[in-house]
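See below for the structure under consideration.
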Amino acid sequence: QLAVSTALDSRTLTLLLAHFTVLPAGTPVNVLSAPPALLLALTEQAQPHQIDEFVRFRTLHRDTTDASLSTHPLISALSHSGFSITFNSRFFEVIATASLGDDQRSLQSLIYRRGESGAAQILIRRTPERVPQALNSTQ
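In structure tokens form, the structure reads like this:
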């Protein structure tokens, strides 16, 4: 149904589904925290090795100004992709996991940070059936 109601091709949808969260229309993608698969899906001009290089670049320059990151060639490609990009976020996914012996529980929340005040508002809170794979692999 999503493929029918959007202009995204099947390649792009396949890349995005693992990272899919519904946010209000016009919400820009934060290029400083977007997963590589999302960055690749946003531009047809980039190759996977270029995305990997950008991820290394943004990690090394995480404490620099927006201006220094905006000079990276991938930012130019993303800017011309038709998608809105940014260097900051107002929406955050938080996953908290607690373990006791063999038992493990998780809480997943979507938090919105309001404009100038920065006040946080919890939009969604849920307890997933299983712990996300990324968390299992680190334990």
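Position one of the sequence shown corresponds to residue -17 (my numbering), numbered consecutively onward. Using N, Cα and C, we set each Cβ at its ideal position, and we do this for glycine too.
Item, Value
"Could you tell me if F65 is buried or exposed, where buried requires 16 or more neighbouring beta carbons within 10 angstroms of its beta carbon?", "exposed"
"Per the DSSP calculation, F74 is bridged to which residue(s)?", "I93"
"Under 6 Å Cβ to Cβ from L21, same chain only, skipping five residues before and after it: list those, please.", "I33"
"Among A80, E98 and D84, which has the Cα closest to the Cα of P110?", "A80"
"Can you give me the start and stop residues for the beta strand (DSSP E) that Q103 sits inside?", "A102 to R108"
"Quick one: residues in its chain with C-beta nearer than 8 Å to the C-beta of T9, no 5 flanking neighbours on either side, listed in chain order?", "S66, R72 and F73"
"Going by DSSP, which residues form a beta bridge with D85?", "L82"
"Quick one: what's V11 bridged to in DSSP?", "I67"
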